[in-house]
Structures are given as C-alpha cells and as structure tokens.
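Chains as they are written, first to last, in the numbering used here: chain A, 174 to 410; chain G, 174 to 410; chain L, 174 to 410; chain S, 174 to 410; chain B, 174 to 410; chain X, 174 to 410. Virtual Cβ for every residue (Gly too), placed ideally from N, Cα, C.
Protein chains: 6
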Amino acid sequence: MRPSGRTLGQIRPVTVTRQFTAHAEGSVLIEFGDTKVICTASVDEGVPRFLKGQGKGWVTAEYGMLPRSTHSRMRREAASGKQSGRTLEISRLIARSLRAAVDLSALGENTITVDCDVIQADGGTRTASITGACVALVDALNYMRAKELIKTNPLKHMIAAISVGVYKGEPVADLDYAEDSSAETDMNVVMTDTGKLIEVQGTAEEEPFSFDEMNAMMQLAKQGINELFDIQKAALA
Amino acid sequence: MRPSGRTLGQIRPVTVTRQFTAHAEGSVLIEFGDTKVICTASVDEGVPRFLKGQGKGWVTAEYGMLPRSTHSRMRREAASGKQSGRTLEISRLIARSLRAAVDLSALGENTITVDCDVIQADGGTRTASITGACVALVDALNYMRAKELIKTNPLKHMIAAISVGVYKGEPVADLDYAEDSSAETDMNVVMTDTGKLIEVQGTAEEEPFSFDEMNAMMQLAKQGINELFDIQKAALA
Amino acid sequence: MRPSGRTLGQIRPVTVTRQFTAHAEGSVLIEFGDTKVICTASVDEGVPRFLKGQGKGWVTAEYGMLPRSTHSRMRREAASGKQSGRTLEISRLIARSLRAAVDLSALGENTITVDCDVIQADGGTRTASITGACVALVDALNYMRAKELIKTNPLKHMIAAISVGVYKGEPVADLDYAEDSSAETDMNVVMTDTGKLIEVQGTAEEEPFSFDEMNAMMQLAKQGINELFDIQKAALA
Amino acid sequence: MRPSGRTLGQIRPVTVTRQFTAHAEGSVLIEFGDTKVICTASVDEGVPRFLKGQGKGWVTAEYGMLPRSTHSRMRREAASGKQSGRTLEISRLIARSLRAAVDLSALGENTITVDCDVIQADGGTRTASITGACVALVDALNYMRAKELIKTNPLKHMIAAISVGVYKGEPVADLDYAEDSSAETDMNVVMTDTGKLIEVQGTAEEEPFSFDEMNAMMQLAKQGINELFDIQKAALA
Amino acid sequence: MRPSGRTLGQIRPVTVTRQFTAHAEGSVLIEFGDTKVICTASVDEGVPRFLKGQGKGWVTAEYGMLPRSTHSRMRREAASGKQSGRTLEISRLIARSLRAAVDLSALGENTITVDCDVIQADGGTRTASITGACVALVDALNYMRAKELIKTNPLKHMIAAISVGVYKGEPVADLDYAEDSSAETDMNVVMTDTGKLIEVQGTAEEEPFSFDEMNAMMQLAKQGINELFDIQKAALA
Amino acid sequence: MRPSGRTLGQIRPVTVTRQFTAHAEGSVLIEFGDTKVICTASVDEGVPRFLKGQGKGWVTAEYGMLPRSTHSRMRREAASGKQSGRTLEISRLIARSLRAAVDLSALGENTITVDCDVIQADGGTRTASITGACVALVDALNYMRAKELIKTNPLKHMIAAISVGVYKGEPVADLDYAEDSSAETDMNVVMTDTGKLIEVQGTAEEEPFSFDEMNAMMQLAKQGINELFDIQKAALA
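Right, here's the structure in full:
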C-alpha cells in the first residue's frame with residue numbers, strides 16, 4: 174500500500190557517515206533513504222550576550238537546503254535576503270531538541286552550533302537532521318573532552334526523531350516525499366533514549382485526526398525511534 | 174498550587190468582543206485573563222499567484238505583538254527589519270489552523286487575511302489568537318454571504334485552541350505567564366468542535382515528558398477547548 | 174458643511190484612558206472621535222551610544238498602524254521588512270515633540286520610549302498620538318519619581334497637537350478622514366501649554382495656500398489645542 | 174552677528190549651472206554658498222501601478238548625500254541597506270513640492286524622477302535641492318515638449334525654498350551649518366512665484382517659538398524666496 | 174618546497190562524480206584535492222524579463238559555502254540577510270564563464286541555473302566550481318536534447334579553470350589553502366578547450382608582480398587546465 | 174576606426190582637480206574624457222575589529238554611481254536596500270589596489286576610507302576611480318603627516334589603472350562607453366609606478382581571446398598607465 178512497498182511501521186534504510194567533512198569538530202552525513210543531510214557541529218569559545226558571565230554554555234542550530242535538493246529548484250535564501258518561516262521553524266526545533274540533550278552548565282562558556290544542510294530531500298529532512306545532529310554533537314563533545322575544554326560529559330541522553338502520519342487512512346512511519354505530500358496528517362516526534370518525549374508536532378494537513386489516530390502514530394514513532402537509537406549507537410561504537 | 178489559585182483544569186475567564194474596530198469585515202478583541210489580542214479578518218478579492226485560475230480561495234494569518242505588550246519592551250519588528258522565527262512560526266500555525274476550518278473551494282477567488290495583534294501578553298497568546306481569529310473569520314464569512322460574494326458557507330467546523338503543560342509536576346490548562354515561564358513542558362492544542370485534532374505542539378522546556386503526561390495534558394486540553402467552543406458560540410449568538 | 178456636521182473650529186470628542194494596558198510605565202488609549210491610538214511609555218536604564226557618559230537622558234518614539242486600522246488592509250511593515258517614509262517621518266515628529274517637553278539633563282542616563290500604535294484610523298493619527306503620548310510620558314515620569322530614579326520633575330510643559338486644514342475653501346480644525354482625503358491644505362501644529370509652538374507642518378495637497386489662510390488655520394489650531402490641554406489635565410487629575 | 178557676517182535677511186550667493194551632467198533630460202548644479210547639490214530630472218515612459226490607465230503622469234524625487242559631503246564621513250546608505258528617516262522625509266518633501274508645481278494630467282503617462290544628490294553640505298541642503306530641482310524639472314519639461322511627448326506646458330508655476338530660523342534670538346534667513354547647528358528654531362518654507370505657500374515646516378530645536386517669531390520668519394522667507402525666483406529665471410533665460 | 178610536496182606545475186588529484194544528487198538535470202561532485210563542491214544545473218522554462226520575447230536562453234550561476242566548509246565556522250549568509258561581496262563576485266565569475274561556453278540563441282527561452290555549493294574548502298573553490306559546473310551544464314544540455322527541448326547542441330566548447338600564483342617567489346599551479354593564504358600573488362584563469370582565454374583575474378596579495386611572473390603563471394595555467402579537460406572528458410565519456 | 178577617432182593606444186584627455194569638495198582630507202574630481210568621478214579620502218581614528226590592537230592601519234573603499242550618471246536612470250542602491258554585485262566587486266577592487274600602495278603598519282591605528290562616486294559615466298569608471306583615488310589618498314596622507322598623526326610616509330608607490338580591450342579585432346586602450354558596450358574583450362589593469370602589476374582582470378565579453386591578444390592589451394595598458402602617472406604627478410606638484 175505504501176508507494177515504497179514498506180510495511181506501515183517500517184522505516185527507510187538509515188546510514189550514518191561520521192567525519193564526512195574535514196574541518197568541523199563533528200561532521201555527519203545522515204541518510205534516511207533518499208533524504209541526505211550534512212550535519213556539522215562547530216565548537217566556539219564564548220556564549221551569546223544573554224548568557225555571558227553565568228558559566229554556562231549554549232547549543233544552537235541552523236537548517237538550510239541546497240537550492241536543488243528538491244524536485245524543482247528553490248530560490249537560494251542567501252540571495253533572497255531572508256530565511257523562510259519554515260526554515261526558521263525547523264532551525265528552532267533542532268536547536269531546542271539538542272539543548273534538551275545537554276547539561277548546559279557542564280559545557281562551560283562555549284557554544285556548539287550545529288548546521289544541518291540538506292543536499293537531497295525526499296521527506297523527513299527535519300527528523301533526519303535531528304537524528305544526525307545528535308551524532309555530530311556527540312563527536313563535538315568528545316573533541317571537547319579530548320582537548321580538556323570540559324571536564325565531565327554534558328550529554329544527558331541521546332535524542333532521535335521520526336515523522337509519522339496518516340496516509341490513506343493508515344498510520345505510517347518515516348514518510349517519504351510521495352507519502353508526505355498527500356498524507357492527511359503529519360507528525361514529527363523527538364524522543365530520548367530513556368523513552369521520554371522532547372517534541373511532538375502534529376498537523377492535520379487534509380483532515381483533522383482523532384485521539385485514537387494520534388495514539389497509533391505515537392506508538393509507531395516510539396518503535397521507529399528505538400531503531401534509530403540502535404543505528405546511532407552502532408555508528409558511534 | 175497554581176499562582177493564580179486556579180484548579181488544574183480551570184481556564185482563565187475568557188471574553189470575546191465582536192466589532193471591536195470599525196473597518197475590518199471581522200474584528201474581535203479576545204481576552205484570556207490578562208492576555209488581550211485584537212483579531213481582524215480582512216476580505217480581499219484575488220488569491221496568491223500559486224492559486225490563480227483554480228477557482229479556490231485562500232486564508233492566511235499574521236501575528237504580531239505591540240512592543241510593550243510584554244513585561245519589558247521588545248524591539249519593534251518593523252524597525253528591526255525582520256520578523257523573528259517565533260513570530261513567523263505562530264503566524265504559520267494560526268494560518269494552517271484556520272485553513273483547516275474552511276472549504277477553500279467554496280470561497281471563490283478571494284483571500285481572507287486574519288491579523289492577530291497582541292496588545293497585552295500574559296501567556297497563551299497564540300491560543301487566544303486562534304480562538305479569537307475563528308470568531309473574526311466567521312464574521313468575515315457572514316459579511317461575504319451578505320454581500321453575495323459566496324453562495325454557500327465555507328466553514329466546515331469551528332476551531333479553538335488552548336495551551337496545557339506540566340507545572341511543578343502536575344498537568345495544568347491555560348497557563349499564564351507565571352506558569353509558562355517555569356513549566357517543565359508546554360503544549361498547544363488546536364481542535365475542531367467535532368472533537369478532532371488540528372494541531373498538537375508539545376515541547377519539553379525543562380524536562381522530557383512521558384507518554385502518560387502527554388495523555389493527561391491532552392485530556393485537559395479537550396475539556397478546556399470545549400469550554401472555549403461554548404464561549405465562541407455565545408459570542409456569535 | 175463639514176461631513177460630520179461640526180462647526181469650523183469644533184474638534185471631535187476626545188477621550189483619554191490611562192492604565193490601558195498593564196505592563197508599560199505609562200499606557201494611554203487616546204481617541205479623537207473614531208481615531209484610536211494606544212500610547213505606551215517604557216522606561217529603560219541607559220541611553221543610546223552617542224549620549225553615553227554625559228549624565229543626560231533620552232526620549233524617543235515609534236509609530237505604527239495595525240494592518241487593518243485603515244479602510245483597506247495595509248501590508249504589515251514587519252512583514253515587508255521596512256518602515257515606510259511616512260511611518261519614520263511621524264515617529265521622528267512625535268519624538269522631537271516629546272523631547273521638546275522634557276529637560277533631558279534631569280532624566281539621568283535613562284531612556285523613555287513612547288510607542289504609538291494606531292488601532293483604528295479616521296484622520297489625525299499623528300496629532301492624537303502626540304497628545305496621548307504626552308499623557309503616557311507624564312505617567313512614566315511619575316513612575317520614575319516614585320521609584321526615585323529621578324529627583325526632580327523633568328517636564329518643562331505639556332504638549333498637545335491638532336491638525337487644521339482648508340476644506341472646501343474654509344479653515345477647519347481636527348480633520349477626520351472624510352475631510353483629510355479631500356482637503357486643499359493640511360497642517361499639523363504642536364504647541365506647549367505656555368502658548369508656544371513646537372512644530373508647524375503645513376502642506377498644500379491640492380492648492381497652494383495664502384499667508385492669510387495660514388494665519389486663520391493657526392488661530393484654529395491654538396484654540397483647539399487649548400481644549401486638548403484641558404482634556405489632558407482632567408485625565409491626569 | 175551672524176557667523177558669516179550676513180544681515181538678518183541676507184541669503185548666500187546662489188549659482189545655478191544647467192547641463193551640469195550629460196545624460197539627464199534636466200541636470201543642474203545648484204550652490205547656496207558652500208552647499209552644493211546636483212539635481213537631475215529623468216523622463217521615463219510609464220507611471221507607477223496605482224496610476225496606470227488614468228492618462229496622468231507622475232513626478233517623484235529622491236535625495237541623497239555623498240558620504241563625505243559632511244564634516245565627518247557618514248555611513249553610505251546603500252551599504253547600510255536602508256535610507257534613514259531623514260533621507261526619506263526630505264525625498265518626500267521634494268517630491269510633494271514638485272508635484273504641486275505640475276499639472277499631472279498634462280504630463281501623459283510619463284514619470285519624471287528628480288534626484289538631488291548633495292556633494293557638499295553647509296546647511297540648507299533640502300531648500301537648495303528644491304530650488305535646483307525646479308530648474309531641472311523645467312529643462313525636462315522643455316525636452317518633453319521638444320520631443321513632442323507632451324502638447325502643453327504642464328508647469329503651473331515655479332517653486333523655490335528657503336530655510337529661516339531663530340538664531341541667538343533673531344530671525345535669520347538661509348542658515349548655514351554654523352547657524353543651523355545651534356539655532357533655536359528652524360523652518361523650511363516652499364513657495365510659488367505667485368506668492369503662495371506649498372510647504373511650511375517649522376521645528377523648535379532648542380526653545381519653543383512664539384506666533385510673532387513665526388510671522389517674522391515667514392516674512393524673511395517670502396523676501397528670500399523672491400530673490401531665488403529671480404535667480405532661477407535668470408538661469409533659465 | 175610546496176607544503177603538499179607537489180612540483181610547481183602539479184595539480185591536485187581531481188575527481189568528478191556525476192549524478193551526485195537525484196533531482197537536478199546535471200549534478201556533479203567535483204574534488205580538487207580536499208576542496209569539494211557540489212555543482213547542480215537546473216533547467217527551467219522561461220528567461221529573465223530583460224530577455225523575454227527574443228527567442229534566446231539564459232545561463233546563470235550562484236555560489237555558496239556551507240558554514241563549516243571552512244577552518245572556522247562562517248556566518249550563514251541566509252541568516253545574515255545578505256551575500257558577501259566575495260560570494261557575489263564569484264557567482265558572477267562562474268555565470269559569465271558558463272555563458273561564454275554556450276550559444277544562448279540555440280537554447281530557446283529556457284534558463285539554466287548552476288548552483289555551486291562548497292561543502293569542504295581547501296583553496297581553489299572558484300576554479301573547482303567552474304570546472305565542475307561545466308560538466309553539470311553538459312549533462313543538463315544532454316537532458317534538454319533528450320527531452321527535445323532544444324534541437325541542436327548549444328555548447329560551443331568546454332571550459333575549465335585553475336588558480337595559479339607566486340608562492341615563496343616561485344610560480345605554482347592549483348594552490349591549496351596553505352599556499353593560498355600566504356601567496357604573494359593569486360591568479361584565476363578560465364580557458365576554453367580550444368586554447369583561448371575566458372577570464373584572467375590576477376591579484377597582488379602581498380607584492381606587486383612583474384610581467385614575467387605573469388607570463389610564467391599563464392603558462393602553468395594553460396598546462397594545468399589542459400589536464401582538467403582530460404579529466405572532464407573522461408568523466409563524460 | 175574608433176568611434177572617438179582616437180588611435181589604438183590613445184587615452185582620453187584626463188584632468189585631475191584637487192580640493193574639489195571642502196570637508197574631506199583628500200578630495201579629487203577625476204575626468205577620463207566624459208567619465209567623471211568624485212574621489213574623497215576620509216581619515217578616521219580606529220580600525221575595524223579584526224585589526225584592533227595590532228598597531229596597524231586600514232585602507233578601504235566604496236564605489237557608487239549617481240542614479241542618472243548613466244544613459245538611462247538606474248535604481249538608487251540606497252532605495253533598493255542593497256548594493257549590486259557589480260558595485261561590491263568594484264569597491265573591493267579599488268580597496269585592494271589602494272592597500273597595495275600603502276604600508277599599513279606605518280599608518281598607525283587609523284582608517285582611510287576612499288569613496289568613489291561616479292557623477293557621469295562614459296566607460297572606464299573603475300579605472301578612473303582607482304587613478305583618482307590614489308591622488309586623494311596622497312592628499313589624505315599629507316594631511317596626516319601635517320597633523321602629525323603619522324611619522325613616516327606610508328606610501329610605497331603610486332598606482333593607476335586603465336581599461337584595455339579588443340574592439341573590432343584590434344587592441345585598444347581606455348575604452349569609452351561606445352566601445353565598451355560592444356568590445357569582444359575587456360581588461361582592467363592596475364599598475365605601480367615601479368612598473369609592476371597590482372590587478373589584471375580580463376573578461377571575454379563576446380569572444381574568447383588568445384594569449385597574443387592578451388599580450389598586446391597588456392602592452393597598451395602599460396603605455397597608457399605611464400601617461401596617467403605623469404598626469405597624477407603634475408596634479409600633485
């Protein structure tokens with residue numbers, strides 16, 4: 174029933190390539206099927222002004238898409254002079270999710286900026302970004318410990334994310350573009366590897382959804398995210 | 174236990190003032206306790222370019238805050254030259270929610286723009302905005318029918334919204350600023366008066382939340398929103 | 174002869190509501206007939222860079238219109254990414270006028286920002302803004318004295334403003350939109366309650382005006398502004 | 174008493190150089206003493222969208238200052254990405270004044286854009302701009318008649334402008350920078366050669382001014398502007 | 174003598190990966206040693222306004238760098254709201270070079286946009302971009318012929334580019350970052366496979382250079398570019 | 174053969190007017206035939222942030238065109254809110270060229286900003302700008318020495334610039350607009366008065382050019398620039 178032939182709860186093949194580029198303290202290429210995102214984590218001394226002098230660190234994130242990562246070319250945001258609402262919304266989501274994974278007071282007055290740049294899009298770019306960003310973040314934290322910039326590990330738990338939805342009346346996990354563009358409902362879920370929720374964002378695209386549908390989607394999300402944690406851990410092993 | 178002395182599921186007094194300003198086809202002042210938002214619905218001929226020639230209409234929304242609607246003055250977005258990610262995110266949320274309430278093909282090639290401008294903020298500005306915007310939208314649709322711009326009523330159902338959260342370990346409904354600024358979790362829920370969900374946006378501000386906490390919040394949301402539908406209907410009677 | 178049936182020198186009913194919103198140190202809703210403006214005065218520590226270290230304070234102002242305060246919806250300036258020349262011109266006029274009322278050296282290194290946001294427009298928004306802003310300013314200065322941020326009262330005199338014009342060949346005071354949009358000449362006058370002039374801005378919209386017409390308008394302005402001072406004082410009593 | 178040794182009503186030497194640059198339909202260098210402004214009038218087919226199809230023309234203006242036209246270098250507005258409020262205000266003043274001199278319905282669907290660029294500033298740049306712009310406008314209209322783009326002369330009358338002020342308690346005409354920067358009051362007056370007023374903009378910089386002072390300034394303005402009309406006519410002869 | 178141990182005229186290993194991403198009509202990953210650039214060519218119907226109705230096509234290009242493609246993180250241009258002068262300069266260079274390779278009148282009213290996004294930078298990003306962009310362009314033109322959007326091959330010749338410079342007094346080819354950041358002179362050369370020049374841009378970074386040094390650099394450039402043409406042709410075979 | 178009747182290597186009449194405006198430390202009007210550029214050099218204390226505390230100075234430049242310096246009016250960059258790529262590219266070229274002429278460490282922590290504003294354009298505006306900017310720079314350095322802001326002369330050598338090109342198959346020097354707009358190749362060359370090269374920027378506008386053509390152009394450039402040095406020196410004598 175799914176265009177890809179997958180079962181309802183089946184996620185796409187996921188690969189995680191660490192050290193994908195040379196300069197960043199953490200650099201990951203994550204692939205959720207045909208969705209491909211470069212996630213780099215950059216460590217910089219200092220914190221934004223509102224945090225200065227508190228001895229705490231900061232984690233932030235920015236999201237972008239290459240102009241032709243999509244089916245038809247999108248206008249380059251740097252050229253149009255502003256980031257779209259969607260771009261800012263996703264950047265904020267990634268940043269909030271990552272901050273929920275880190276004890277900022279164990280980070281010292283340092284900032285980690287995670288850039289998630291989509292080079293090929295086939296649905297689920299924000300959930301792939303979060304899942305890859307967490308791996309890049311771990312590499313950056315390891316770098317900081319190796320350089321003795323921090324004394325303890327600020328990571329509280331791993332995080333990963335998946336999209337779920339209602340497609341042709343059935344709950345499905347990890348929607349690709351063919352599903353996403355015609356799904357009745359789309360929900361993005363971010364969880365910790367301790368089984369708790371960080372973010373839940375559900376939107377009725379075509380039809381309002383019931384509480385039962387929501388529960389069914391949440392169960393698929395939990396199961397799919399658990400698979401992602403295994404993949405993250407294997408990549409970091 | 175709540176700073177306001179309310180019970181866990183108790184929402185703030187809500188008032189809806191229609192015809193609040195003179196020029197808009199729909200104009201509502203909505204108050205959720207000390208949160209006050211002016212919602213105007215403007216009807217214009219024509220649709221955005223991507224819809225031209227399809228015989229369908231469009232509903233969009235913009236959100237803003239007066240600079241001193243908040244405890245300390247915020248920089249005016251018109252002066253800083255751009256809208257913040259938060260502003261754009263809320264504008265998009267309101268617009269999506271309203272579009273879910275309207276049969277766009279019954280609207281003709283007309284656009285309704287709903288502006289939600291916060292004149293006083295005490296938590297819950299986005300949920301008050303959605304709840305007030307729906308009343309302004311109804312007034313605008315009634316205007317269109319009276320002017321014979323449309324033949325049938327495009328409204329599929331009413332929508333309303335409430336924030337719920339986990340505050341000091343307990344699920345609470347309709348958080349005010351004192352609660353919102355220290356809640357562990359914050360969730361905004363938009364529903365139809367047919368008991369279905371339009372949007373669910375939950376965020377772990379301090380602590381990840383469990384599936385059980387999420388369910389408890391969802392129950393409070395359902396109950397609170399039902400009260401809002403009664404208030405909307407009384408206002409429109 | 175006037176669309177509203179008023180006599181040539183008759184101003185509209187003016188109401189001043191103090192403490193209109195909760196957070197600002199001064200908050201006034203001023204109504205000149207159907208023109209309604211929210212004026213808030215915000216007190217902040219510190220001064221702009223060019224004044225630092227001189228022991229003097231600063232007073233500034235910003236003006237805006239809600240998108241549907243007007244007959245047809247205007248584009249939101251925050252969304253278009255810049256303020257129009259008209260907006261900046263009015264902001265500068267309000268700010269200059271207020272600074273003329275205050276002894277900046279008695280203000281300490283503090284800044285008062287007055288925001289004038291039009292929620293309903295029917296002509297004369299800039300003169301209503303100045304007249305209401307002065308009341309909000311007085312409330313903010315009283316707050317500063319109560320908080321012992323300043324030792325003496327920096328207010329040199331009250332200010333108020335009115336528009337006058339030539340409409341169908343006759344000088345008239347306090348033009349509403351119906352008059353303003355077809356007046357031959359439009360003049361805005363700001364005065365002190367000591368009978369002196371702060372600003373005079375006269376513009377020939379349709380026809381050049383004579384020195385005699387200017388004098389007639391100035392006399393109407395003086396008389397109308399004196400009524401405004403009575404209303405301000407009653408509101409502050 | 175005046176820094177320049179001039180009498181109270183004496184204006185600076187004014188020179189008008191036509192055909193100052195090669196490409197514009199009208200191109201004038203105007204000098205008010207050490208203030209030097211290049212005014213070019215450009216004729217283009219077509220009108221702004223709001224005028225299309227009405228058979229009328231449009232006249233507009235833009236004002237700018239070279240970064241080092243002033244005592245210390247100002248930031249280039251093109252580099253900072255926006256025009257200041259002062260720049261926009263002066264552009265609007267010049268444009269309104271010029272439109273008051275032209276019968277737009279005799280202009281056909283053509284637009285004349287007058288650019289006033291200050292290459293050296295010593296006070297009175299806006300009044301020099303208006304006075305020079307009117308000459309450039311006449312040259313552009315003559316060009317249009319020669320090219321048979323218009324059939325009748327759309328010019329209703331000449332316009333010219335001067336600044337007057339109160340300096341050390343005395344009314345003075347055509348303030349230079351030394352006076353302007355310490356004047357109590359500054360007033361810009363635009364008049365027609367038929368003895369009527371187009372714009373009056375008076376501002377109390379230091380001290381409020383009386384009605385008597387205003388009248389005294391207006392008399393000086395009238396007298397000075399009449400001298401400017403003689404100079405314009407000599408230049409155009 | 175060179176940090177990399179290369180001989181003076183030796184270029185870095187160059188690899189060209191076609192079909193690197195899925196959606197673009199031409200998509201190439203080009204690597205000049207550790208410099209890696211994704212070049213996508215997008216075909217769209219229509220041309221910019223200034224070309225409409227002439228039956229000719231257009232080729233344009235945009236260049237960007239991922240924020241952490243460099244040693245330390247650069248600010249994201251989409252977030253800062255404008256492209257730097259360097260970015261625009263390189264975009265213009267790539268676009269001009271590509272247009273010199275194409276007979277625009279054989280392209281019909283179609284536009285090809287080539288995006289060059291640097292994912293890892295180690296010197297020579299603009300020359301790698303041009304060399305890779307030409308391969309992506311060929312793929313896009315082949316796509317157009319296969320889809321019968323064009324009848325003849327608009328490609329006049331291949332182009333490729335290399336940087337040359339004077340490093341520690343010696344002319345060298347294809348500078349990497351270690352050389353580029355301390356070279357006395359830096360020159361970028363774009364050539365056709367017919368042995369002619371498209372662009373020459375030489376800059377004295379530290380020391381002016383002589384005519385003899387320029388000639389020596391030009392000879393190295395010619396030789397290096399010829400190697401690049403062999404690599405392009407092998408990739409396209 | 175040339176539209177102007179000049180011989181192939183003949184440059185246009187060049188005039189240099191120093192002290193053209195009053196306020197700048199260096200102010201030059203340079204004319205290359207009908208191309209006229211005002212070049213002002215402004216001296217300011219302090220350096221950009223990246224240079225602070227190193228005891229070195231900085232030289233930078235900005236380029237602009239008056240809207241009607243060209244055949245048809247261009248949009249004012251300050252009004253459109255951004256500088257074009259061409260403008261930024263030329264600004265960067267002028268700045269780099271000037272820095273190559275100055276020993277920054279002899280400048281102290283001072284910044285010289287050279288503004289080149291084209292008031293009339295007839296081809297070669299960037300080369301006229303550089304040639305005039307160098308004279309303005311010398312005047313500013315002389316001012317600094319006279320004011321004892323610097324102890325030694327930071328000027329390493331004079332610089333001047335010329336455009337050369339291939340026009341109707343022949344190499345020509347100092348192209349005017351008639352030639353420039355139809356030349357096959359356009360090359361800008363910046364040299365020192367010690368006979369060395371600072372910048373070479375050659376572009377095939379219509380047809381790729383050969384190495385021989387490049388050499389022929391370089392010889393013409395050398396000869397023309399030597400004439401410019403004589404003119405600069407005469408002006409500075």
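Asked, Found
"Indicate whether Ala306/A and Ala394/A have their beta-carbon atoms separated by less than 8 Å.", "no"
"In terms of residue numbering, what span does the beta strand (DSSP E) encompassing Ile285/G cover?", "Asn283 to Gln293"
"What residues of chain G sit near Glu235/A, judged by a beta carbon separation below 9 Å?", "Ordered by position in chain G, no residue passes the 9 Å Cβ test against Glu235/A, which lies about 11 Å from the chain."
"For Phe193/G, which three-state DSSP category applies?", "coil"
"Candidates Gly178/S, Ala377/S and Ala195/S: which alpha carbon is nearest Asp295/X's?", "Ala195/S"
"Classify Ser302/X: buried if its beta carbon has 16 or more other beta carbons within 10 angstroms, exposed otherwise.", "buried"
"Give a yes or no on whether 8 Å exceeds the smallest Cβ distance from Ile371/S to chain L.", "yes"
"In whole angstroms, what separates the C-alpha of Leu224/B from that of Ile211/L?", "50 Å"
"Quick check on DSSP: helix, strand or coil for Glu343/X?", "strand"
"When you compare only the Cα positions, how much space is there between Val220/G and Thr286/G?", "11 Å"
"Lys329/S to Leu271/S, Cα distance in whole Å?", "10 Å"
"Using 8 Å for Cβ pairs, my map puts Val232/B next to Val189/B. What's the rounded Cβ distance?", "Contact flag wrong, Cβ pair sits at about 20 Å."
"For the region 248-261 of chain S and the region 249-263 of chain X, state whether three or more C-beta atom pairs, one from each stretch, are separated by less than 8 Å.", "yes"
"So Asp288/G and Arg259/L are in contact, right, with Cβ under 8 Å, and what is the actual spacing, rounded?", "Going by Cβ atoms, the distance from Asp288/G to Arg259/L rounds to 19 Å, so no, they are not a contact pair."
"Short check: CB of Met360/S to CB of Gly342/S, under 8 Å?", "no"
"Taking Cβ positions only, does Leu261/B come closer than 8 Å to chain E?", "Considering every chain present, this structure includes no chain E. Its protein chains are A, G, L, S, B and X."
"For Cys264/L, which residues of its own chain have a beta-carbon under 7 Å away from its beta-carbon, when the five flanking residues on both sides are left out?", "Residue identity differs from the one stated: residue 264/L is Ser in this sequence, not Cys. For Ser264/L, where only same-chain residues beyond five positions count, the Cβ hits under 7 Å are Ala234, Glu235 and Tyr236."
"Counting only beta-carbon separations shorter than 8 Å, does Ser253/B have a partner in chain X?", "no"
"DSSP three-state call for Asp359/L: helix, strand or coil?", "strand"
"Any idea which residues DSSP pairs Cys307/B with across the strands?", "None; Cys307/B has no bridge partner."
"Residue range of the alpha helix (DSSP H) that Met387/A falls in?", "Phe384 to Leu409"
"Met204/X by DSSP, collapsed to three states: which one?", "At residue 204/X the sequence reads Glu, which differs from the Met that was named. Strand at Glu204/X."
"Using the Cβ count rule (16 or more neighbours within 10 Å means buried), how would you classify Gln293/X?", "buried"
"How would you call Ala410/L, buried or exposed, if buried means at least 16 neighbouring beta carbons within 10 angstroms?", "exposed"
"Below 8 Å, how does it come out for the region 304-318 of chain B and the region 197-206 of chain B: are there three or more Cβ pairs, yes or no?", "yes"
"Determine the DSSP secondary structure at Asp312/L, reduced to helix, strand or coil.", "helix"
"Within the 8 Å Cβ cut-off, does Ala301/S reach chain X?", "no"
"What did DSSP end up calling Ala273/X once you bin it into helix, strand or coil?", "coil"
"Are the CB atoms of Leu401/B and Ile335/B within a distance shorter than 8 Å?", "yes"
"Using the C-alpha atoms, what's the distance from Thr213/A back to Gly338/A?", "28 Å"
"Quick check: what's the CA-CA separation for Leu181/B versus Ser355/B?", "16 Å"
"In the structure shown, what three-state DSSP assignment does Met364/G receive?", "strand"
"Just to confirm before moving on: does the CB-CB distance between Ala346/A and Ile203/A stay below 8 Å?", "no"
"For Pro221/A, would you say it is in contact with chain B, using Cβ-to-Cβ distances shorter than 8 Å as the test?", "no"
"What does the alpha-carbon distance come out to for the pair Leu280/S and Asp385/L?", "31 Å"
"Do Ala351/X and Pro416/X come within 8 Å of each other at the CB atom, strictly closer than that value?", "Only positions 174 to 410 of chain X appear in the structure, and residue 416/X is not among them; the question remains open."
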